[in-house]
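So the sequence lines, in the order shown, correspond to chains W and L.
Under the working numbering, the first residue of the first sequence carries the number 3, and numbering increases by one thereafter.
Under the working numbering, the first residue of the second sequence carries the number 3, and numbering increases by one thereafter.
Heads up, the beta-carbon is just placed ideally off N, CA and C, and yes, glycines get one too.
The structure appears right after this line, and notes come after that.
2 protein chains.
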Amino acid sequence: MQMTKGKQLYEGKAKIVYATDDPKQVIQYFKDDATADNAKKRGSILDKGSVNNQIASHLFQLLEKEGVPTHFIEQLSDREMLIKHVEIVPLEVTMRNITAGGICRTLGIEEGIVLNPPVFEWHYKSDELDDPLINDDHILYALKAATVEELALIKKLSIQVNDFLKAYFAERKIDLVDFKLEFGRYDGQILLADEISPDTCRFWEHGTRRKLDKDRFRRDLGDVESAYQEMLKRVVG
Amino acid sequence: MQMTKGKQLYEGKAKIVYATDDPKQVIQYFKDDATADNAKKRGSILDKGSVNNQIASHLFQLLEKEGVPTHFIEQLSDREMLIKHVEIVPLEVTMRNITAGGICRTLGIEEGIVLNPPVFEWHYKSDELDDPLINDDHILYALKAATVEELALIKKLSIQVNDFLKAYFAERKIDLVDFKLEFGRYDGQILLADEISPDTCRFWEHGTRRKLDKDRFRRDLGDVESAYQEMLKRVVG
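Structural data, given as structure tokens:
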């Protein structure tokens, strides 16, 4: 499909969104820029934009087949994804299958504990507030950021995404530790939006627990680029 | 009732628990010590122990009549309450009718917004971790600190307590802004425990919004003792 890339609508930490001729469609451009610790740590990961676009495009298409509606329309190029122009719900979902990161700090528990059933979290999407953990009542009665029906649907879809991805990665000898999802409103529908990539998931090589995700950047573990390439190979290759 | 005060079992920030001859009963002694900001701020409020014991004893008896089971047995003296020896569930419930304190910082919203329905929060009772906000999944699947049935019962009782207290204080021209509850296990039952007092509630004089609770100490507003005495008069007097 030929799309004319219009003016820049939004620049985030890892992506830029451009208008197209069609107000219902926008282009999501994936950058190599990497940030961590709420942008207090900044850097770049060579070819990350390309890897994340390929991984996310692949996974969105698989999820669509599983009945999860997403904002994905088409991968336009190496770093460009054509998507439906959603209004992002200002919430982030975190699904956790194994403890790591925030939950360890919040609860004072070790990394690597298997959570079964998985732990579901709502975070309020706010850089100023550091994406705080919140609960249903905060969303419904204090922020009024979504309806009861939207929360129920987003939760149901998130569990469906986790069930599918966990099995998909397990076949590829990858433990899906946790991941972040965002959703958007589009024509009265709720669509899975943003991306699914080593930026937004924690992936551990099964057995060795070698980290194959952005934690290599966050924690200065080295071999960041090769971890992203390894994930591309396992997901798409 | 005559009770022999035995050895000290536990000393908290505002209370000491002593054994009695009966292993099923203990004495809760109310101190004047006041702490705030997770004990980084320390001080003392004259006669606070006596005021809180009288207010809590009075409210526990009213709540028992409303069908809320509590640990209260008898007020033994000015600062001593005989209670059932519960095993404290390591959770704190916060019920919020008006925004103030933590919720304003977490969500970046103003103090004084009416929440209707009220907002219910779970916090993990941990001084080291600063009593973090958590959700049901954390309790059930990560901490394994309570059962589904216990959480449902505690939530139901907390709403019942809020409904009763909100109306009770409204009659006394006090807005019940928010409060913290703790619960304990005793003989297979869940009992309301700890205390209900100006240490654990936010009380605003209706209309003027003058603070009549521990925020006067937390924020160095002055007239701390007289606020506690005023609440004693309105509740018991």
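- Query: Expressed to the nearest angstrom, what Euclidean distance is found between the alpha-carbon atoms of F205(L) and Y126(L)?
  - Reply: Here residue 205(L) refers to the residue found at position 203 of the second sequence. Here residue 126(L) refers to the residue found at position 124 of the second sequence. Answer to the nearest angstrom: the Cα atoms are 23 angstroms apart.
- Task: Output the residue ranges of the beta strand (DSSP E) runs that lie fully inside the segment 53-104 of chain L and measure 3 residues or longer, sorted by chain position.
- Result: 74-79, 82-86 and 93-100
- Message: Does chain W have any CB closer than 7 angstroms to the CB of Y143(L)?
- Response: For the purposes of this step, residue 143(L) is identified with residue 141 of the second sequence, where counting begins at 1. Chain W, which has a Cβ nearer than 7 angstroms to the Cβ of Y143(L), makes this yes.
- Message: Determine whether the beta carbon atoms of K157(W) and E94(W) lie at a separation below 7 angstroms.
- Response: Taking the first residue of the first sequence as 1, we reach residue 157(W) at position 155. Taking the first residue of the first sequence as 1, we reach residue 94(W) at position 92. For K157(W) and E94(W), no; Cβs fall outside 7 angstroms.
- For I198(W), is the beta carbon positioned less than 6 angstroms from some heavy atom of the ligand GTP? As far as ligands go, the structure on display features none, and thus does not contain the ligand GTP.
- chain L within 7 angstroms of D139(W), Cβ atoms only: Within the first sequence, numbered from 1, the residue matching residue 139(W) stands at position 137. With 7 angstroms as the cut-off, D139(W) counts as an interface residue toward chain L.
- Item | alpha helix (DSSP H) segments (min. 4 residues) lying fully within the segment 98-141 of chain W | 104-109
- Task: Can you say whether Q30(W) is buried or exposed, counting buried as having 16 or more other CB atoms within 10 angstroms of its CB?
- Result: Position 28 of the first sequence, counted from the start, is the residue given in the question as residue 30(W). So Q30(W) ends up on the buried side.
- Item | Rounded C-alpha distance that separates D201(W) from L142(L) | Position 199 of the first sequence, counted from the first residue, corresponds to residue 201(W). Position 140 of the second sequence, counted from the first residue, corresponds to residue 142(L). Computed Cα separation, rounded: 28 angstroms.
- Going along the chain, which residues of its own chain have a beta-carbon closer than 8 angstroms to the beta-carbon of D138(W), five neighbours each way excluded? Numbered from 1 along the first sequence, position 136 holds the residue referred to as residue 138(W). So the qualifying residues of the chain are W124 and L153.
- Query: To the nearest angstrom, how far is it from the Cα of L48(W) to the Cα of E151(W)?
  - Reply: Within the first sequence, the letter at position 46 stands for residue 48(W). Within the first sequence, the letter at position 149 stands for residue 151(W). Roughly 41 angstroms separates the two Cα atoms.
- Task: Determine contact between the segment 87-104 of chain L and the segment 175-190 of chain L, defined as no fewer than three beta-carbon pairs at a distance below 8 angstroms.
- Result: yes
- With which residues is V237(W) paired in a DSSP beta bridge? For the purposes of this step, residue 237(W) is identified with residue 235 of the first sequence, where counting begins at 1. In the DSSP output, where bridge partners are listed per residue, V237(W) has none listed.
- Give me the Cβ distance between R98(L) and P71(L), rounded to the nearest whole Å; I'm assuming they're in contact under 8 angstroms. Residue numbering aside, residue 98(L) sits at position 96 when the second sequence is read from its first letter. Residue numbering aside, residue 71(L) sits at position 69 when the second sequence is read from its first letter. Incorrect: roughly 23 angstroms between the Cβ atoms, too far for contact.
- Nearest-angstrom Cβ-Cβ length linking A36(W) and S46(W), presumed shorter than 8 angstroms: By one-based count along the first sequence, residue 36(W) stands at place 34. By one-based count along the first sequence, residue 46(W) stands at place 44. 6 angstroms between Cβ atoms; contact.
- Message: Between the alpha carbons of K146(L) and A229(W), how many angstroms are there, rounded?
- Response: For the purposes of this step, residue 146(L) is taken as residue 144 along the second sequence, with counting starting at 1. For the purposes of this step, residue 229(W) is taken as residue 227 along the first sequence, with counting starting at 1. The alpha-carbon atoms of K146(L) and A229(W) are separated by roughly 34 angstroms.
- Message: Under 7 angstroms, Cβ to Cβ, is there at least one residue of chain L near T108(W)?
- Response: Along the first sequence, read from residue 1 onward, the residue named residue 108(W) stands at position 106. Cβ-Cβ to chain L under 7 angstroms: yes for T108(W).
- Return the residue from the list V163(L), H73(L) and Y20(L) that minimises the CA-CA distance to C203(L). Position 201 of the second sequence, counted from the start, is the residue given in the question as residue 203(L). It is V163(L) whose Cα lies nearest to the Cα of C203(L).
- Straight-line CA distance for D129(W) to K42(W)? Numbered from its first residue, the first sequence carries residue 129(W) at position 127. Numbered from its first residue, the first sequence carries residue 42(W) at position 40. If you take the alpha carbons of D129(W) and K42(W), they lie about 11 angstroms apart.
- Query: For the segment 114-128 of chain W, which residues have a beta carbon sitting closer than 9 angstroms to at least one beta carbon of chain L?
  - Reply: I115, L117, N118, P119, P120, V121, F122, E123, W124, Y126 and S128
- Query: In terms of alpha-carbon separation, which member of G209(W), I100(W), E207(W) and D196(W) lies closest to N54(W)?
  - Reply: In the first sequence, counting from the first residue as 1, residue 54(W) sits at position 52. The option with the nearest alpha carbon to N54(W) is D196(W).
- Task: Find the residues of chain L that neighbour L155(W), judging by a C-beta separation of less than 9 angstroms, and give them in chain order.
- Result: For the purposes of this step, residue 155(W) is taken as residue 153 along the first sequence, with counting starting at 1. Those do not exist, as L155(W) stays about 18 angstroms from chain L at its closest Cβ, beyond 9 angstroms.
- Beta carbon of R220(W) nearer than 7 angstroms to that of A38(W): Working through the first sequence from its first residue, we reach residue 220(W) at position 218. Working through the first sequence from its first residue, we reach residue 38(W) at position 36. Contact: yes.
- Could you name the residues of the segment 83-109 of chain L whose beta carbon sits closer than 9 angstroms to any beta carbon of chain W, in the order they occur along the chain? R98, T101, I105, R107, T108 and L109
- Does the beta-carbon of A172(W) have 16 or more other beta-carbons within 10 angstroms, so that it is buried, or is it exposed? Counting from 1 along the first sequence, the entry for residue 172(W) is found at position 170. It counts as exposed.
- Task: Give me the Cα-Cα distance between C106(L) and L109(W), rounded to the nearest whole angstrom.
- Result: Translated into the one-based positions of the second sequence, residue 106(L) becomes position 104. Translated into the one-based positions of the first sequence, residue 109(W) becomes position 107. If I take the Cα positions, the gap works out to 22 angstroms.
- With distances taken between CB atoms, is the gap from L167(W) to L155(W) smaller than 7 angstroms? Along the first sequence, read from residue 1 onward, the residue named residue 167(W) stands at position 165. Along the first sequence, read from residue 1 onward, the residue named residue 155(W) stands at position 153. Not a contact, by the Cβ cut-off of 7 angstroms.
- So K17(W) is in the beta strand (DSSP E); what residue range does that whole segment cover? Position 15 of the first sequence holds residue 17(W). Taken as a continuous stretch (DSSP letters only), the beta strand (DSSP E) holding K17(W) covers K17 to A21.
- Message: Is it buried or exposed, H73(L), if we count other Cβ atoms within 10 angstroms and call 16 or more buried?
- Response: Position 71 of the second sequence, counted from the first residue, corresponds to residue 73(L). Buried, since its Cβ has 16 or more Cβ neighbours within 10 Å.
- Does the Cβ of G190(L) have 16 or more other Cβ atoms within 10 Å, making it buried, or fewer, making it exposed? The residue you call residue 190(L) lines up with position 188 of the second sequence. Result: exposed.
- Query: What distance in whole Å lies between the Cβ atoms of Q10(W) and K86(W), which are believed to be in contact at a cut-off of 8 angstroms?
  - Reply: Counting from one through the first sequence, the residue named residue 86(W) turns up at place 84. Counting from one through the first sequence, the residue named residue 10(W) turns up at place 8. About 18 angstroms separates the two Cβ atoms, so there is no contact after all.
- Item | Sub-7 angstroms separation of Q56(L) and L234(L) beta-carbons | The count along the second sequence starts at 1 and reaches residue 56(L) at position 54. The count along the second sequence starts at 1 and reaches residue 234(L) at position 232. Yes, Cβ-Cβ distance for Q56(L) and L234(L) is below 7 angstroms.
- Message: Mapping the DSSP letters down to three states, classify L48(W) as helix, strand or coil.
- Response: Here residue 48(W) refers to the residue found at position 46 of the first sequence. Here L48(W) sits in coil by DSSP.
- Query: From what residue to what residue does the beta strand (DSSP E) around Y31(L) run?
  - Reply: For the purposes of this step, residue 31(L) is taken as residue 29 along the second sequence, with counting starting at 1. Counting along the chain, the beta strand (DSSP E) containing Y31(L) begins and ends at Q27 to F32.
- Query: Residues of chain L with CB under 8 angstroms from E130(W), in chain order?
  - Reply: The sequence position of residue 130(W) within the first sequence is 128, counting from 1. Going along chain L in sequence order, the residues near E130(W) (Cβ under 8 angstroms) are G110.
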